[in-house]
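In the numbering used here, the protein residues as written are 19 to 485.
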């Protein structure tokens, strides 16, 4: 009986070992098929097998549970093509299109910012023009404050003396223009009437074959137009009263702004500089004084050139016996602050007055005088007095004057050119400052290249950024 039980035990152990070997072989075949590594217990051996052999001497007639294996994943077919690797989308887009796209959204952002800025300026146009006029007057009077300070006067007293004398001179010029116009208005109206009659006779005798009936029809149409538009003329007069109130308000704002800029300009600039981000503060701190020197040189040079134009054209008009020579000279001085356009308007006004009062020959002589003085001004005086620092291309002058006039009228036309000159100086300095910092090893100001346009600028051996 004991022999039979021992034989059955040995048979059971052999059957268990055979089952374990079959399981091991099956696992090896599945691992080779799926590409997995062999079992960590060693090639051809499972942990359970070693445990079974270690306990073979004391084994009992119990059948152990089969070992648990991970789920088998069917291997892909070896002949199947690999999935294509898709390139980075930014690398597929042509370089020119990437540059155009990134430039476009930046231009759209700038355009939106300018549109909002123009809307804000149009809403507070009076304040902006008053402050701009104060800046121009301050640039003209500030050298006098510096000279008085060098003579030993306190800052407050030097500012008060300069501001009072400047405002008195400007007020006297305005009063003189109004007085001369009112004083010569009756004589001018009589001469204009006589001049119109002379032009009528000249038109009748001219080779253009103009008849008296045509001239009378033109005069009748003008009178009817004036009669039918009486309400519009009245509303224009009421608007003129409103404009006069706004002008007086702007003058007061400009006076107060000028006073404080003369007295405390340096502290105001330091406060404004504190609003600039610290990374750009050094560049802006260097650009500010240069912009102020440009503005001062522009205002000083424009005053000198305008004074020379007014004196010489006024003398020519006076010797040609054109009425209101002094008021016309003052108008020429004031309109000279609008480059190119102001000279054309003031010269045309002088020619028209000479035409309707003295005839065609005198008008032609006045035209020659105006053209001669303006040519000397444009080719000799402005390059010599204003210098190269404030020179602006004539196309930029015309476009800036037109844009300033459309946005803010005559005040905008006056402010446009100095604004362009100052902007040109600031941009040129900041570009030079950025190049200098880059050459000194401080690195480029601002963030480095990024986004889709930075794909081709990364150094060799580094991963190129992707967007």
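By construction, the Cβ of each residue, glycine as well, lies at the ideal position given by its N, Cα and C atoms.
Out of the options, point me to the one whose CA is closest to residue i's CA.
{"i": "residue 180", "options": "159, 357, 192, 169", "result": "159"}
{"i": "residue 371", "options": "295, 363, 341", "result": "341"}
{"i": "residue 414", "options": "435, 153, 361", "result": "435"}
{"i": "residue 316", "options": "449, 153, 301, 426", "result": "153"}
{"i": "residue 377", "options": "295, 363, 338, 395", "result": "338"}
{"i": "residue 189", "options": "379, 266, 41, 307", "result": "266"}
{"i": "residue 384", "options": "425, 333, 426", "result": "333"}
{"i": "residue 272", "options": "429, 122, 118, 33", "result": "429"}
{"i": "residue 161", "options": "398, 454, 288, 283", "result": "283"}
{"i": "residue 398", "options": "453, 178, 322", "result": "322"}
{"i": "residue 402", "options": "121, 319, 416, 410", "result": "319"}
{"i": "residue 178", "options": "441, 274, 126, 386", "result": "274"}
Taking only the alpha-carbon atoms, compute the straight-line gap between residue i and residue j and give it to the nearest angstrom.
{"i": "residue 355", "j": "residue 431", "result": "9 Å"}
{"i": "residue 357", "j": "residue 419", "result": "8 Å"}
{"i": "residue 50", "j": "residue 115", "result": "51 Å"}
{"i": "residue 151", "j": "residue 446", "result": "25 Å"}
{"i": "residue 270", "j": "residue 458", "result": "49 Å"}
{"i": "residue 148", "j": "residue 264", "result": "10 Å"}
{"i": "residue 276", "j": "residue 439", "result": "21 Å"}
{"i": "residue 297", "j": "residue 443", "result": "20 Å"}
{"i": "residue 28", "j": "residue 43", "result": "23 Å"}
{"i": "residue 45", "j": "residue 38", "result": "11 Å"}
{"i": "residue 142", "j": "residue 191", "result": "28 Å"}
{"i": "residue 292", "j": "residue 451", "result": "20 Å"}
{"i": "residue 193", "j": "residue 131", "result": "42 Å"}
{"i": "residue 393", "j": "residue 424", "result": "27 Å"}
{"i": "residue 410", "j": "residue 307", "result": "19 Å"}
{"i": "residue 110", "j": "residue 118", "result": "15 Å"}
{"i": "residue 294", "j": "residue 198", "result": "49 Å"}
{"i": "residue 103", "j": "residue 121", "result": "30 Å"}
{"i": "residue 35", "j": "residue 48", "result": "20 Å"}
{"i": "residue 174", "j": "residue 437", "result": "29 Å"}
{"i": "residue 455", "j": "residue 386", "result": "53 Å"}
{"i": "residue 126", "j": "residue 108", "result": "21 Å"}
{"i": "residue 41", "j": "residue 26", "result": "23 Å"}
{"i": "residue 278", "j": "residue 287", "result": "12 Å"}
{"i": "residue 453", "j": "residue 285", "result": "30 Å"}
{"i": "residue 124", "j": "residue 133", "result": "14 Å"}
{"i": "residue 128", "j": "residue 441", "result": "16 Å"}
{"i": "residue 32", "j": "residue 105", "result": "60 Å"}
CB residue i to CB residue j, shorter than 7 Å?
{"i": "residue 391", "j": "residue 331", "result": "yes"}
{"i": "residue 16", "j": "residue 365", "result": "The chain is shown only over 19 to 485; residue 16 falls outside these bounds and no answer can be derived."}
{"i": "residue 335", "j": "residue 381", "result": "no"}
{"i": "residue 359", "j": "residue 195", "result": "no"}
{"i": "residue 176", "j": "residue 166", "result": "yes"}
{"i": "residue 309", "j": "residue 351", "result": "no"}
{"i": "residue 146", "j": "residue 139", "result": "yes"}
{"i": "residue 157", "j": "residue 314", "result": "yes"}
{"i": "residue 280", "j": "residue 186", "result": "no"}
{"i": "residue 448", "j": "residue 303", "result": "no"}
{"i": "residue 363", "j": "residue 353", "result": "yes"}
Within 10 angstroms of its Cβ, does residue i collect 16 or more other Cβ (buried), or is it exposed?
{"i": "residue 268", "result": "buried"}
{"i": "residue 327", "result": "buried"}
{"i": "residue 4", "result": "Examination of residue 4 is not possible in this model, given that the chain is present from 19 through 485 alone."}
{"i": "residue 422", "result": "buried"}
{"i": "residue 346", "result": "buried"}
{"i": "residue 300", "result": "exposed"}
{"i": "residue 155", "result": "buried"}
{"i": "residue 395", "result": "buried"}
{"i": "residue 170", "result": "exposed"}
{"i": "residue 24", "result": "exposed"}
{"i": "residue 426", "result": "buried"}
{"i": "residue 433", "result": "buried"}
{"i": "residue 361", "result": "buried"}
{"i": "residue 256", "result": "Reliability fails at residue 256, whose pLDDT of 47 lies under 50, so the model's placement of it is uncertain and no value is given."}
### Message
Please give me, in chain order, every unbroken run of the beta strand (DSSP E) with length at least 3 that falls completely inside the stretch 287 to 340.
### Response
none
#### Entry: beta strand (DSSP E) runs wholly inside the stretch 370 to 436, at least 3 long, in chain order
none
### Task
Within the stretch 109 to 193, note down every full alpha helix (DSSP H) run reaching 4 residues or more, in order along the chain.
113 to 141, 143 to 168
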